[in-house]
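Sequence positions in the sequence shown follow the working numbering and run 781 to 942.
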Amino acid sequence: MRFNHRRRQGGQALVELAISVPVLLWLLLGSFDATVMVSDKVIAGYATRQGARLAAEIGGLETNPGVTTAQVDQDIVRNVLAVAIAMTGVLNKATDLYDQYDGAGNNQNGYPFGINLREQIPPNETSIGVRLVWSYHPPTGFATFTISLNEYTVLRAAPVLA
781 MRFNHRRRQG
791 GQALVELAIS
801 VPVLLWLLLG
811 SFDATVMVSD
821 KVIAGYATRQ
831 GARLAAEIGG
841 LETNPGVTTA
851 QVDQDIVRNV
861 LAVAIAMTGV
871 LNKATDLYDQ
881 YDGAGNNQNG
891 YPFGINLREQ
901 IPPNETSIGV
911 RLVWSYHPPT
921 GFATFTISLN
931 EYTVLRAAPV
941 LA
């Protein structure tokens, strides 16, 4: 009789293991995907801060006379993308430079503005924003979803003093 009782307990342990392994695997892969997403969000924030710092320093005519808006914006976008390349499982959708507010205080988010409008002389400095729009795809392939996220940073334009 005793042998029969142990055999039933062994079967019970096998059933418990069969139930718990998928749950533990789901938790492990889900936590890994969440960790990668948080890491990518931190990198995206750093990329926008880096772009906004560069935009604040070289984004106006006071600092860069004789250049076009496209040349300055291209340098800023390259700087953002150089940092954002470290993001995994990400598709960058857009990188925008914008004036946060117009003179009346209306939000201008997403509308690019020319280099001639970027004032760098205090006390009338222009706020320059950099926005990175990206979508996250979990790297494990365990969960098949896509999340669209964006990060933005706004700084005051300030020339580099030599």
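Even for Gly, the Cβ is constructed at its ideal location relative to N, Cα and C.
> If you scan the segment 889–925 from start to end, which runs of the beta strand (DSSP E) of 3 or more residues do you find wholly inside it?
Replying inline: 907–916
>> Within a Cβ cutoff of 8 Å, which residues of the same chain sit near Leu834, ignoring the five residues on either side of it in sequence?
In response: Asp855, Ile856, Asn859
> Touching or not, the segment 809–828 and the segment 865–879, by the rule of three or more beta carbon pairs under 8 Å?
Replying inline: yes
> Could you give the C-beta distance for Arg911 and Gly840, rounded to a whole number, given that I count them as a contact under 8 Å?
Replying inline: Actually they are not in contact, since the Cβ atoms of Arg911 and Gly840 sit about 19 Å apart, beyond 8 Å.
>> Give the list of continuous alpha helix (DSSP H) stretches no shorter than 4 residues that lie fully inside the segment 806–862.
In response: none
> Rounded to whole angstroms, how far is the Cβ of Asn916 from the Cβ of Ile927, which I believe are closer than 8 Å?
Replying inline: Looking at the sequence itself, residue 916 is Tyr, so the reference to Asn does not match. The pair is a contact, with the Cβ atoms about 5 Å apart (cut-off 8 Å).
> Between which two residues does the beta strand (DSSP E) containing Thr933 stretch?
Replying inline: 927–936
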